[in-house]
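Peer 1: I am attaching a structure below and will ask some questions about it afterwards.
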Amino acid sequence: MLPLPLNFPANTDIARLVPFFPPYMTSFQYYYQFQYTFTVQPSPFDIKLLGNEAVIYSKQKVEKAGMHQLRVTADLFYMDKTLACRTIFKVYIDVSRFNF
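This is the structure we're talking about:
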């Protein structure tokens, strides 16, 4: 749960999502694939990928109060495209009716 004030500025990072990485995979070659969906479209938020992490950010000024739900799935694959691990994030962004 991430509380934000009304009129939150655009292009501001909100949260960093770091998926689980099994310790036994340090000697393997791997890659992550992220999929995400917002329950309300269009959303003032988006995700940018930074290596093996994802960052939730505001893509425009947040001018409407309410709850925004986001589901992010981070799949960890071996280089032969076999699924090694999956991390699921459920993020709730609550935009307050008031500035705080």
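To convert, take the position in the sequence shown, counting from 1, and add 19; that gives my numbering.
Yeah, the Cβ is synthetic: ideal placement off N, Cα and C, and Gly gets one too.
1) How should Val59 be labelled, buried or exposed, when 16 other C-beta atoms within 10 angstroms of its C-beta is the threshold for buried?
2) Suppose you measure from the CA of Pro24 to the CA of Lys78; what does that come to, to the nearest Å?
3) Within this structure, are the beta carbons of Arg35 and Glu72 separated by less than 8 Å?
4) Thinking C-alpha only, which one of Cys104, Phe117 and Arg116 is nearest Gln52?
5) Below 8 Å on the Cβ atoms is my contact criterion, and I expect Phe96 with Tyr49 to pass it. Report the Cβ-Cβ distance as a whole number of Å.
6) From the DSSP secondary-structure annotation, give me the bridge partner or partners of Ala93.
Peer 2: The short version:
1) By the Cβ-count criterion, Val59 is exposed, with fewer than 16 other Cβ atoms from all chains shown falling within 10 Å of its own Cβ.
2) Approximately 15 Å between the Cα atoms of the pair.
3) In this structure, Arg35 lies near Glu72, with their beta-carbon atoms less than 8 Å apart.
4) Nearest of Cys104, Phe117 and Arg116 to Gln52, Cα basis: Cys104.
5) In this structure Phe96 touches Tyr49 by the C-beta definition: roughly 6 Å separates them, less than 8 Å.
6) For Ala93, which the question treats as bridged, DSSP gives the partners Phe53 and Thr106.
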